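Q:
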Amino acid sequence: MAIHPTALVDPNANVDASVEIGPYSVIGPHVTIGEGSVVKSHVVINGHTTIGAHNEIYQFASVGEANQDKKYKGEATKLVIGDHNVIRENATIHRGTIQDEGITRIGDYNLFMASTHVGHDCVVGDNNVLANYVALAGHVKLGNNVILGGYTGVHQFCQVNSYSMCGMGSMVSKDVPMFVMVSGNPAKAHGMNFEGMRRRGVSGDVIKALRQAYKAVYLKGFTLELAIDYIEDGELSLIPEVQAFVQSIRRSTRGIIR
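Be aware that the sequence shown starts at 317, since it is given in my numbering, and climbs by one per residue.
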């Protein structure tokens, strides 16, 4: 274990022998850090926080600190972070509240750029990119392979589904369906992330089907219920990606961005 002599690591912390901890970082007593992780200088990791393997946490990040919910009274809630995440300078990730499941969850291979914020009880999947100054309010659910442009704000309890994309400065106050691109304040839909799909090897036939499904929901003037009926009554419903798009709409509790 490479711990700088100025770092303060509580003797009760569970830190793997391969972890590196830089100058002036502070690691609390209920923290677990997995193998190969690197904690750079001036990082604070606090609370009942579990961090997996091969994560990089950059200077001045605050990870696992008490949340900003005024109902929070110091309960032993948690933050659980997976593997291979990069948490850049000044990022803040808060632990959960007992009003939810008591856990903020972060998956694997995510990039949290400088000054990003993940609020209490958020659930963040895998392979997401949160650009500078992105802020997730409490209870937000983020899928997989999502890109959030700089200065994007996501309202509490919103869902941003997998493979979607939010442009810089987006203010998201409703749910973003799977594959959809949004931008603006308030955010509006502007097509699907077809280029991202192509880069991931999605076939032309699937992209064509998703394009038709998008038109049904956003461009034909249908009510949402009629749009879903239109999709499900035809051959489009046979395409798994179209099914996933429809299910992301059905799961919405706040309504979708249209």
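Heads up, the beta-carbon is just placed ideally off N, CA and C, and yes, glycines get one too.
All values reported here derive from a predicted model rather than from experimental measurement.
In chain order, what residues of the same chain have a beta carbon less than 6 Å from the beta carbon of Y449, not counting five sequence neighbours either side?
A: The residues are S431, G466, Y467.
Q: Taking 8 Å as the threshold (C-beta atoms), are S486 and V496 in contact?
A: Not closer than 8 Å, so no.
Q: Between which residues of its own chain and T348 is the CB-CB distance below 6 Å, once the five residues before and five after are set aside?
A: Counting only Cβ-Cβ distances below 6 Å, and skipping sequence neighbours, we find N330, T366.
Q: How many Å lie between I577 and Y374 at the Cα?
A: Nothing about residue 577 can be read from this structure; the chain reaches only from 317 to 574.
Q: Ends of the beta strand (DSSP E) at I397?
A: Taken as a continuous stretch (DSSP letters only), the beta strand (DSSP E) holding I397 covers 394-397.
Q: Could you give the DSSP three-state label for V335: helix, strand or coil?
A: If DSSP states are grouped into helix, strand and coil, V335 belongs with coil.
Q: In terms of DSSP beta bridges, what is M497 paired with?
A: Answer is M481, bridged to M497.
Q: Quick one: grab the DSSP three-state call for A407.
A: Coil, per DSSP.
Q: On the DSSP bridge assignment, give the partners of F538 in chain order.
A: Answer by DSSP bridge pairing: none, since F538 is not bridged.
Q: Three or more beta-carbon pairs under 8 Å between the segment 527-541 and the segment 433-451, yes or no?
A: The segment 527-541 vs the segment 433-451: no contact.
Q: Between L542, M494, R516, K536, which has its C-alpha nearest Q559's C-alpha?
A: When each option's Cα is compared against that of Q559, the closest is M494.
Q: Note the first and the last residue of the continuous beta strand (DSSP E) segment covering R421.
A: Element bounds for R421: 419-422.
Q: Note down the Cα distance separating D549 from Y425, rounded to an integer number of angstroms.
A: Taking the straight line joining both Cα atoms gives about 38 Å.
Q: Just to confirm, are D332 and G350 a CB contact at a threshold of 8 Å?
A: In contact: D332 and G350 (Cβ atoms closer than 8 Å).
Q: Suppose you measure from the CA of T393 to the CA of Q415; what does that come to, to the nearest Å?
A: Each residue's alpha carbon lies about 10 Å from the other.
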